[in-house]
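J.:
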Amino acid sequence: MPVQYYIFLSIVLFCIGVMGVLMRRNAIIIFMCVELMLNAVNLLMVAFSKMWADAGRVDAAGAQIFVFFIMVVAAAEVAVGLAIIVMVYRKSQSVDINIMNRLKN
Amino acid sequence: MQHVWIVLGVLFVFLNIAAGLIWVERRLLALWQDRLGPNRAGPLGLFIVLADTLKLFFKEDWIPPFADKWVFILAPTVVVASVLMGLAIIPFAPGIVVADLNVGLMFFLAMSSLGVYSIVLGGWASNNKYSLLGALRGASQMIAYEVFMGLSLMGVVMLSRSFNLTEIVAAQEKIWYVFLQPVGFIIFFIAGLAETHRLPFDIPEAESELIAGFHAEYSGMKFGMFFIGEYLGISLISAMTVTLFFGGWLGPAFLPPVVWFFLKTFLFIGLFILLRASLPRPRYDQLMAYGWKLLLPLVLANLLITGAVALWLKS
Amino acid sequence: MGMSLQQIVFGVLSIISIISALGVILSKNPVTSVLCLIVTFFTIAGHYIMLNAQFLAVVHIIVYAGAIMVLFLFVIMLMNLNAEIEPQKRSWLKYAGAISGGALLLVLLAALREASVSSLQPGAVEIGLISNLGKTLFSTYVLPFEVSSILFLSAMVGAVVIGKKEGHES
Numbered sequence: 001m002p003v004q005y006y007i008f009l010s011i012v013l014f015c016i017g018v019m020g021v022l023m024r025r026n027a028i029i030i031f032m033c034v035e036l037m038l039n040a041v042n043l044l045m046v047a048f049s050k051m052w053a054d055a056g057r058v059d060a061a062g063a064q065i066f067v068f069f070i071m072v073v074a075a076a077e078v079a080v081g082l083a084i085i086v087m088v089y090r091k092s093q094s095v096d097i098n099i100m101n102r103l104k105n
Numbered sequence: 001m002q003h004v005w006i007v008l009g010v011l012f013v014f015l016n017i018a019a020g021l022i023w024v025e026r027r028l029l030a031l032w033q034d035r036l037g038p039n040r041a042g043p044l045g046l047f048i049v050l051a052d053t054l055k056l057f058f059k060e061d062w063i064p065p066f067a068d069k070w071v072f073i074l075a076p077t078v079v080v081a082s083v084l085m086g087l088a089i090i091p092f093a094p095g096i097v098v099a100d101l102n103v104g105l106m107f108f109l110a111m112s113s114l115g116v117y118s119i120v121l122g123g124w125a126s127n128n129k130y131s132l133l134g135a136l137r138g139a140s141q142m143i144a145y146e147v148f149m150g151l152s153l154m155g156v157v158m159l160s161r162s163f164n165l166t167e168i169v170a171a172q173e174k175i176w177y178v179f180l181q182p183v184g185f186i187i188f189f190i191a192g193l194a195e196t197h198r199l200p201f202d203i204p205e206a207e208s209e210l211i212a213g214f215h216a217e218y219s220g221m222k223f224g225m226f227f228i229g230e231y232l233g234i235s236l237i238s239a240m241t242v243t244l245f246f247g248g249w250l251g252p253a254f255l256p257p258v259v260w261f262f263l264k265t266f267l268f269i270g271l272f273i274l275l276r277a278s279l280p281r282p283r284y285d286q287l288m289a290y291g292w293k294l295l296l297p298l299v300l301a302n303l304l305i306t307g308a309v310a311l312w313l314k315s
Numbered sequence: 001m002g003m004s005l006q007q008i009v010f011g012v013l014s015i016i017s018i019i020s021a022l023g024v025i026l027s028k029n030p031v032t033s034v035l036c037l038i039v040t041f042f043t044i045a046g047h048y049i050m051l052n053a054q055f056l057a058v059v060h061i062i063v064y065a066g067a068i069m070v071l072f073l074f075v076i077m078l079m080n081l082n083a084e085i086e087p088q089k090r091s092w093l094k095y096a097g098a099i100s101g102g103a104l105l106l107v108l109l110a111a112l113r114e115a116s117v118s119s120l121q122p123g124a125v126e127i128g129l130i131s132n133l134g135k136t137l138f139s140t141y142v143l144p145f146e147v148s149s150i151l152f153l154s155a156m157v158g159a160v161v162i163g164k165k166e167g168h169e170s
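Protein chains in written order, with this note's numbering: chain A, 1 to 105; chain B, 1 to 315; chain C, 1 to 170.
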């Protein structure tokens with residue numbers, strides 16, 4: 001099966017994530033779309049790992065370790081990000097991302 | 001073809017255990033509380049299982065008009081599905097296992113972590129204050145205790161050098177891991193109680209404060225699914241305890257391996273019910289403080305010491 | 001046209017993941033979005049299994065479906081968000097977002113359409129096994145692993161500090 005299929009699937013998922021970030025105003029949904037984009041990249045990386053393993057490279061496991069680290073960072077990011085969103089909601093009773101405009105003054 | 005029989009056999013046995021537990025739990029509770037328990041229908045009151053199931057089937061299956069219909073229907077199925085998936089990796093005897101995965105133990109942790117959705121979604125979809133409170137409590141309780149559950153099992157993995165449950169059982173040929181990992185066993189069992197939200201940790205339901213918590217709005221067979229899911233969860237945690245710490249199917253040769261496995265499992269199911277009969281429910285904040293301030297340091301120290309001793313023995 | 005079993009499974013999983021990913025950005029109700037994203041994550045775990053990365057598939061389910069999405073649901077329930085109070089962008093901004101996302105999609109697809117990469121062999125590889133990954137993680141990548149533990153500690157402290165109610169300092 002060509003690796004192209006996985007490339008195309010990852011691109012589609014990634015672009016859906018980009019569209020979500022541009023189209024929505026709910027901070028939580030935007031955050032979820034960022035997670036979707038990260039996962040599209042992870043999928044591509046695992047596909048490339050399999051491709052290099054098929055080609056006989058011994059260091060192909062590095063890509064899977066990289067995916068593992070992305071998951072680690074994503075977990076930490078979600079903990080802090082959701083805490084920020086909850087705090088913004090407590091101050092302004094809204095999850096609208098445009099509330100963040102008030103920070104500039 | 002043999003594989004299909006194993007799958008069907010596991011489903012048949014565990015669904016019947018879950019149904020039979022209706023009777024077992026009431027009789028045992030009655031025994032420990034010096035009562036008789038159900039004793040009218042059939043010999044020893046055994047037909048209470050039939051009567052109870054029939055009652056659940058014929059009750060009005062009501063979906064509240066203020067509820068989110070699809071999520072409301074989805075929630076009870078999640079718990080049964082995730083627990084049945086978890087049962088797939090348990091080796092009942094040499095060769096009798098639905099899926100002999102090399103990541104078996106992690107698969108069990110993944111499936112037990114999915115059970116939280118039934119509480120969260122059920123509580124949210126009911127659109128009821130008490131249900132929502134129960135769901136929030138359930139979510140934080142189960143996420144927290146999942147951490148200790150996972151960490152308490154890593155000692156076993158260190159000793160057996162495998163995530164495959166068949167290999168873990170085989171590695172206990174000489175000595176059961178409960179003797180090498182007593183702290184791990186106790187913490188796993190406590191975390192298992194919290195994951196199945198059984199008394200004393202039934203804080204998401206807590207009849208006396210939250211009516212029935214996340215399943216307050218459920219009736220008929222949808223409530224029955226939560227009910228069966230809880231009993232299946234008890235069986236799953238008991239079976240996992242036996243597999244990981246009490247040598248699974250291993251035992252003296254005068255009984256076949258499967259019999260040993262189920263004997264040990266029933267012992268732990270009995271322990272679950274005894275705990276319900278004897279312990280009071282802690283407050284929500286007490287439960288969380290107990291987990292993070294006592295269990296977490298304990299399980300980390302256990303892991304450190306196990307790793308150090310394993311390395312020392314190896315060198 | 002002969003399609004192998006692998007290709008059929010890939011096709012089904014891909015269609016489900018794209019539809020549910022669209023559900024994430026199109027649904028009005030945040031809880032529906034979360035449910036759609038969970039379905040997407042499950043299909044991605046399915047792809048991982050097809051690519052012989054069993055360990056990553058299970059970790060993916062534990063981390064994303066078992067922990068991260070529960071946190072999202074928890075926060076949404078805590079705020080009691082629903083479709084009625086969902087903030088909406090002006091519609092021309094929405095179209096602009098969709099068009100620019102679509103343009104990005106087209107550019108990327110066109111650029112990588114002719115990319116010459118080899119095909120995946122149907123056979124299994126040992127690379128995704130726990131023992132193999134563990135050896136790599138604790139030999140080549142042991143420093144990043146230790147650093148990530150500090151990252152977790154700081155994230156934990158950060159979340160607690162941010163989430164603490166004000167007025168408790170005194």
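Think of the CB as a built atom: it goes at the ideal place given N, C-alpha and C, for glycine as much as any other residue.
Just to confirm my understanding: we take S170/C, look at its own chain, exclude 5 residues before and 5 after, and list those with CB closer than 7 Å. What are they?
T.: Within the third sequence, numbered from 1, the residue matching residue 170/C stands at position 170. The predicted model places S170/C with a pLDDT of 41, which falls under 50 and marks its position as unreliable; any figure quoted below should be read in that light. If we look at S170/C and ignore the five residues flanking it on each side, it has no Cβ neighbours.
J.: At least one CB of chain A closer than 9 Å to the CB of L35/C: is that the case?
T.: Within the third sequence, residue 35/C is the residue found at index 35, counting from 1. Not closer than 9 Å to any Cβ of chain A, the Cβ of L35/C fails to qualify, so no.
J.: Does the Cβ of Y95/C have 16 or more other Cβ atoms within 10 Å, making it buried, or fewer, making it exposed?
T.: Within the third sequence, the letter at position 95 stands for residue 95/C. With fewer than 16 other Cβ atoms within 10 Å, it is exposed.
J.: Rounded to whole angstroms, what is the Cα-Cα separation between N52/C and A30/B?
T.: Position 52 of the third sequence, counted from the first residue, corresponds to residue 52/C. Position 30 of the second sequence, counted from the first residue, corresponds to residue 30/B. Roughly 51 Å between the two C-alpha positions.
J.: Are F163/B and L105/B close, meaning C-beta to C-beta below 9 Å?
T.: By one-based count along the second sequence, residue 163/B stands at place 163. By one-based count along the second sequence, residue 105/B stands at place 105. Taking 9 Å as the Cβ cut-off, F163/B and L105/B qualify as a contacting pair.
J.: Alpha carbon to alpha carbon, how far is F223/B from L137/C?
T.: The sequence position of residue 223/B within the second sequence is 223, counting from 1. The sequence position of residue 137/C within the third sequence is 137, counting from 1. Going by the C-alpha atoms only, they are around 45 Å apart.
J.: Going along the chain, which residues of its own chain have a beta-carbon closer than 7 Å to the beta-carbon of D52/B, five neighbours each way excluded?
T.: Here residue 52/B refers to the residue found at position 52 of the second sequence. Counting only Cβ-Cβ distances below 7 Å, and skipping sequence neighbours, we find I22.
J.: Check A115/C in the structure and name its three-state DSSP category.
T.: As a first step, residue 115/C must be located in the third sequence, where it is residue number 115. A115/C: coil per DSSP, three-state reduction.
J.: Please say whether S238/B and I269/B have beta carbons closer to each other than 9 Å?
T.: On the second sequence, residue 269/B is found 269 positions in, with the first residue counted as 1. On the second sequence, residue 238/B is found 238 positions in, with the first residue counted as 1. Result yes, Cβ atoms of I269/B and S238/B sit closer than 9 Å.
J.: Measure the alpha-carbon distance for F72/B versus H215/B and round it to whole angstroms.
T.: Here residue 72/B refers to the residue found at position 72 when the second sequence is read from its first residue. Here residue 215/B refers to the residue found at position 215 when the second sequence is read from its first residue. Taking the straight line joining both Cα atoms gives about 10 Å.
J.: DSSP puts P2/A in a beta bridge; with which residues?
T.: As a first step, residue 2/A must be located in the first sequence, where it is residue number 2. Bridge partners of P2/A: S119/C.
J.: Below 8 Å on the Cβ atoms is my contact criterion, and I expect M87/A with G163/C to pass it. Report the Cβ-Cβ distance as a whole number of Å.
T.: Mapped onto the first sequence, residue 87/A falls at position 87. Mapped onto the third sequence, residue 163/C falls at position 163. At roughly 7 Å, the Cβ-Cβ gap stays under 8 Å, so M87/A and G163/C are in contact.
J.: Given that N52/C touches chain A, what residues does it touch there, using C-beta distances under 7 Å?
T.: On the third sequence, residue 52/C is found 52 positions in, with the first residue counted as 1. By Cβ distance, chain A contributes K50.
J.: Is the distance from the Cβ of L50/B to the Cβ of F227/B below 9 Å?
T.: What you label residue 50/B is simply residue 50 of the second sequence in a count that begins at 1. What you label residue 227/B is simply residue 227 of the second sequence in a count that begins at 1. No. Outside cutoff.
J.: By Cβ distance below 8 Å, which residues in the same chain neighbour A112/A in space, the five residues on each side in sequence not counted?
T.: Any answer about residue 112/A is impossible in this case: the structure gives chain A only from 1 up to 105.
J.: Taking buried to mean at least 16 other C-beta atoms within 10 Å of its own C-beta, is H60/C buried or exposed?
T.: Taking the third sequence and counting its residues from 1, the one referred to as residue 60/C is at position 60. With 16 or more other Cβ atoms within 10 Å, it is buried.
J.: Considering only C-alpha positions, which residue in the set L13/A, L9/A, I11/A, R25/A is nearest to V95/A?
T.: By one-based count along the first sequence, residue 95/A stands at place 95. Comparing Cα-Cα distances from V95/A to each of L13/A, L9/A, I11/A, R25/A, the minimum goes to R25/A.
J.: Going along chain A in order, which residues have a C-beta closer than 7 Å to the C-beta of S148/C?
T.: Here residue 148/C refers to the residue found at position 148 when the third sequence is read from its first residue. Chain A residues near S148/C: F69, V72.
J.: Smallest Cα separation from D372/B: which of A110/B, A19/B, A125/B?
T.: No statement about residue 372/B is possible, as the shown extent of chain B runs from 1 to 315 and does not include it.
J.: Kindly indicate if chain C contains any beta-carbon less than 9 Å away from that of V80/A.
T.: Sequence index remark: in the first sequence, residue 80/A carries index 80 (1-based). It does: the Cβ of V80/A has a partner Cβ on chain C nearer than 9 Å.
J.: W70/B lies in the alpha helix (DSSP H); which residues open and close that run?
T.: The residue you call residue 70/B lines up with position 70 of the second sequence. First-last of the alpha helix (DSSP H) with W70/B: 69 to 87.
J.: Does D100/B come out as helix, strand or coil in the three-state DSSP assignment?
T.: To locate residue 100/B, count along the second sequence from 1; it is residue 100. Correct three-state label for D100/B: coil.
J.: Measuring straight from C-alpha to C-alpha, what distance separates F14/B and Y117/B?
T.: Here the question's residue 14/B lines up with position 14 in the second sequence. Here the question's residue 117/B lines up with position 117 in the second sequence. One C-alpha to the other measures close to 22 Å.
J.: For chain A, check one thing: does any of its Cβ atoms lie closer than 9 Å to the Cβ of S170/C?
T.: Indexing the third sequence from 1 puts residue 170/C at position 170. Only weak support exists for where S170/C lies, its pLDDT of 41 falling under 50; the coordinates are left without a value.
J.: Name the chain B residues whose beta carbon is nearer than 8 Å to that of I68/C?
T.: Counting from one through the third sequence, the residue named residue 68/C turns up at place 68. By Cβ distance, chain B contributes nothing, its closest Cβ being about 10 Å from I68/C, past 8 Å.
J.: Please list, in chain order, all residues of the same chain as T43/C whose beta carbon is under 8 Å from its beta carbon, the five residues on each side excluded.
T.: Translated into the one-based positions of the third sequence, residue 43/C becomes position 43. So the qualifying residues of the chain are L13, S14, I16, S17, S20.
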